[in-house]
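Residue numbers (the numbering used here): 2 to 698. Don't be surprised by glycine CBs; every beta carbon is placed ideally from N, CA and C. Since the structure comes first, as structure tokens, the remarks are kept for the end.
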Amino acid sequence: MAESEKKKTTTTKKTKKTTTKTRKKNLVIVESPSKAKTIEKYLGSTYKVIASLGHVRDLPKSTLGVDVDNNYEPKYINIRGKGDIIKGLRQAAKAAKNVYLASDPDREGEAIAWHLQHILQLDDTAPNRVVFNEITKDTVKNAFKTPRLINQDLVDAQQARRILDRLVGYSISPILWKTVKRGLSAGRVQSVALGLIIKREKEIQSFEPEEYWTLDAVFKKGRSKIQSVFYGVDDKKQQLPDNDSVQDVLRRLNRNEPFEIGKVEAKERKRNPQRPFTTSTLQQTANTQLNFRTRKTMMAAQQLYEGINLGRGIGQTGLITYMRTDSTRISEMARHAATQYIHETWGEEYAQHRLVKQPSAEGIQDAHEAVRPTDVTRTPDSIKDKLTPDQFKLYSLIWSRFVASQMTPEILDTMAVTITQNGVLFRANGSKTKFPGFTKAYPAAKEKDNTLPHLEEGDQVKIEQTDPEQHFTQPPARYSEAALIKALEENGVGRPSTYAPTLETIQKRNYVRLDARKFVPTELGEIVQTIVEESFPDVTNTQFTARIEHELDEVEVGAKYWVPVIDEFFKPFSKEVEKAETTLEKIIMHDELAGIDCSVCGAPMLVKMGRYGKFYACARFPDCRHTETIVKEIGLLCPKCHKGQIVERKTKKQRTFYGCSRYPDCDFVSWEKPTDKTLPDGTTPKENSKNQAKTTD
């Protein structure tokens, strides 16, 4: 080859190499680094994926940031501390071939994309918004084939909620600072949640228990025992209000004579599976079955959605669909995959043959599918070693519920019998699983068998024992996290994404505390709620708040413009604010005498209210700064040292636990409230592990 030709070839190669190096990539912006890592793997070398780390613009913290005289125009600023991130985003966008905004597929995600579009000065007429409900290879690649314009209705719905919450919070909070103390806050959903807790506490305090009795009996046929309950006399249902009524019944019984089996009803009963999870039902079930706090559930769900490294050539992949949804709908593809898996794993008789149509709840947006696994064949046990314990528990729950929802009902053989003598009527019920159906995939939903022996009308049985027991009606239970979320959802207050931060806020502000996993209002919470209820009745009105939520949902689908919705609320509200600012007086919270003296200087100790609740402080403050934690004795001696009292204490996160008053000399500790039964003399229950107290919270 001639020398000139060699040089030409070399130059061409260099030119191609240089061109390859400088080829521009497509830029994709998402919220989190873990999501970016998963998506970049799917899209390949022609794409660069970076994270904005959430919002880049917001309303200022120091001022209201809303021009109430100019159609509630928001005054957005770049979030403090995000300067380097924004600079990096601008540089990456400038060097990119195309820019795609792939934040989460909800109102919040749409608003993040809108703010990014503004900051990066992107063309708002170009389709650069990409959404996907699950982070899997095929779904992500298909989504990038059909980018769309930013949905302004979704942006307006998020913006309206943000502005409305800002108007409420920044109007009421200064009044609370002036009348009670600094650092307090109020909000739409927050005030309704606190109101529900306080209302329930008042119901408990005003509750007057009523006496009633039950009368159980055990009968015997051969070697089989039959557990039964008293029903009535002379074929009429009868209550047992007191011991006299019980004794009247017992006097009619002749223990030496046989009892007769009366009516025998044998039936087949079907139990249908529950639908797949929505955000709120996932939060509720994780709370009751896994003992997960709402924040913990959403954190683990976010990790499962954004992607877990499964190794073995699979790498980073999303395990569940988007976890913020109010819909129980699933795609046909997911339904088909589940049916095929059920066929192959348990057999044809376990798979639903036709779709069971269930009515949709009123007011749901149905924007996304239910929370489900992205690949039904990826069983929890097959990836257990790749997940943290919390991720594994939550994934198992989501996977089981989804698979079960596509299975046939559980079938039970039930039997109900009456047992009579001298006009006295007892009833016994039994059931036995005939066909497990969906409980094969979801064992937690299985009913326990309670089998009765074979009985026919006219059979005779002997009474073995009677067990009369006194009871008193109980007040309504305090709200757990699961119960409060359910109540908010039933009342149409808040949306799935708001529940976790709402519950966190009312605890953080010390408006409520958790006692045995139930919400109890504090004195501060009751004071704040009283002020808000009396001065701003619409804010705490459940029906009014639900109506506003509904109107904001209409903004989301383009049925209403957001400004009139805000205006409808703010005009009367602003007058209430003006009145409250001039009429409300400072509430002086007088310190109580603690009844003990300071161990440092001998002065009386006072009960003070601090950030984490009440505590003892010396009356000579600031000359004497001695403080003590208030401990509550529960009236039991420590079973370990037999010297100290069992006292109620709090962790830094305000979780209640129980320990010995002689700590650190005695290290007894328990999460459960001890009783004489749970703490027999000289023994320590399994829960009393010092390590558990350190790690569980």
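Taking a contact to mean a Cβ-Cβ separation below 8 Å, would you say residue i touches residue j in this structure?
i	j	result
Ile-728	Ile-631	Because the chain here runs from 2 to 698, residue 728 falls outside it and cannot be looked at.
Val-181	Ile-486	no
Phe-439	Ala-405	yes
Arg-149	Pro-277	no
Val-540	Leu-195	no
Tyr-77	Arg-58	yes
Lys-674	Tyr-664	no
Leu-168	Trp-178	no
Gln-407	Ile-315	no
Met-700	Ala-93	Residue numbering for the chain in the displayed model covers 2 to 698; residue 700 lies beyond these limits and cannot be assessed.
Trp-214	Asp-243	yes
Thr-531	Val-190	no
Ile-262	Val-418	yes
Leu-553	Ala-161	yes
Leu-320	Arg-379	yes
Val-67	Pro-61	no
Ile-151	Asp-125	yes
Lys-221	Glu-458	no
Ile-701	Tyr-73	No answer is possible for residue 701: the residues shown for the chain start at 2 and end at 698.
Tyr-351	Lys-441	yes
Thr-409	Gln-353	yes
Asn-288	Ala-483	yes
Ile-199	Glu-577	no
Thr-375	Glu-135	yes
Pick out whichever of the options has its Cα sitting closest to the Cα of residue i.
i	options	result
Pro-34	Pro-274, Glu-307, Ser-481	Glu-307
Ile-412	Arg-272, Asp-124, Asp-105	Arg-272
Asp-70	Asp-568, Gly-645, Cys-661, Ala-604	Asp-568
Ala-488	Lys-98, Ser-246, Gln-284, Leu-121	Gln-284
Arg-626	Pro-454, Gly-84, Lys-609	Lys-609
Lys-312	Gly-319, Gln-240, Lys-387, Asp-382	In the sequence as presented, Lys is not what sits at residue 312; that position holds Gly. Of the candidates Gly-319, Gln-240, Lys-387, Asp-382, the one whose C-alpha sits nearest the C-alpha of Gly-312 is Lys-387.
Lys-641	Thr-652, Asp-124, Asp-624, Asp-666	Asp-666
Gln-471	Asp-154, Leu-241, Lys-264, Val-601	Leu-241
Ala-218	Trp-347, Gln-228, Phe-616, Gln-303	Gln-228
Glu-448	Pro-437, Arg-479, Gly-55	Pro-437
Glu-557	Ala-37, Asp-85, Gly-45, Ala-112	Ala-112
What would DSSP say about residue i, mapped onto helix, strand or coil?
i	result
Gln-508	helix
Lys-297	helix
Asp-217	strand
Gln-248	helix
Ile-87	helix
Ala-488	helix
His-551	helix
Gly-660	strand
Thr-288	A small correction: the amino acid at residue 288 is Asn; Thr does not occupy that position in the sequence shown. Reduced to three states, the DSSP call for Asn-288 is helix.
Ala-362	In this predicted model, Ala-362 has a pLDDT of only 49, less than 50, meaning its place in the structure is not dependable; the value taken from the coordinates is given anyway. Ala-362: coil per DSSP, three-state reduction.
Arg-149	strand
Leu-398	helix
Asp-516	strand
Ser-33	coil
Ile-113	helix
Leu-254	coil
Lys-98	coil
Leu-165	helix
Pro-502	helix
Gln-303	helix
Ser-186	coil
Gln-118	helix
Just list the residues that DSSP pairs residue i with in beta bridges.
i	result
Pro-225	In the sequence as presented, Pro is not what sits at residue 225; that position holds Ser. Beta-bridge pairing links Ser-225 to Lys-222.
Phe-427	Phe-231, Ile-420
Pro-259	In the DSSP output, where bridge partners are listed per residue, Pro-259 has none listed.
Phe-1	Nothing about residue 1 can be reported from this structure: the residues present for the chain run from 2 to 698 only.
Tyr-48	Asn-27
Ile-321	Pro-374
Ala-479	Residue identity check: residue 479 is Arg in the sequence provided, not Ala. The partner list for Arg-479 (beta bridge, DSSP) is empty, contrary to what the question assumes.
Asp-68	Glu-74
Ile-464	Phe-220
Leu-594	Leu-607
Asp-414	Glu-269, Lys-433
Write down the C-beta distance between residue i and residue j rounded to the nearest angstrom, noting that I regard them as a contact closer than 8 Å.
i	j	result
Lys-146	Ala-96	That belief does not hold up - the Cβ atoms of Lys-146 and Ala-96 are roughly 24 Å apart, past 8 Å.
Thr-286	Ala-371	Not a contact, Cβ separation roughly 13 Å.
Asn-28	Lys-49	The sequence shown places Leu at residue 28, rather than the Asn named in the question. Sure, about 5 Å apart at Cβ, within 8 Å.
Thr-506	Val-193	Not quite, the Cβ-Cβ distance comes to about 12 Å (not below 8 Å), so this is no contact.
Arg-91	Ala-114	Not a contact, Cβ separation roughly 16 Å.
Asp-414	Ser-432	7 Å
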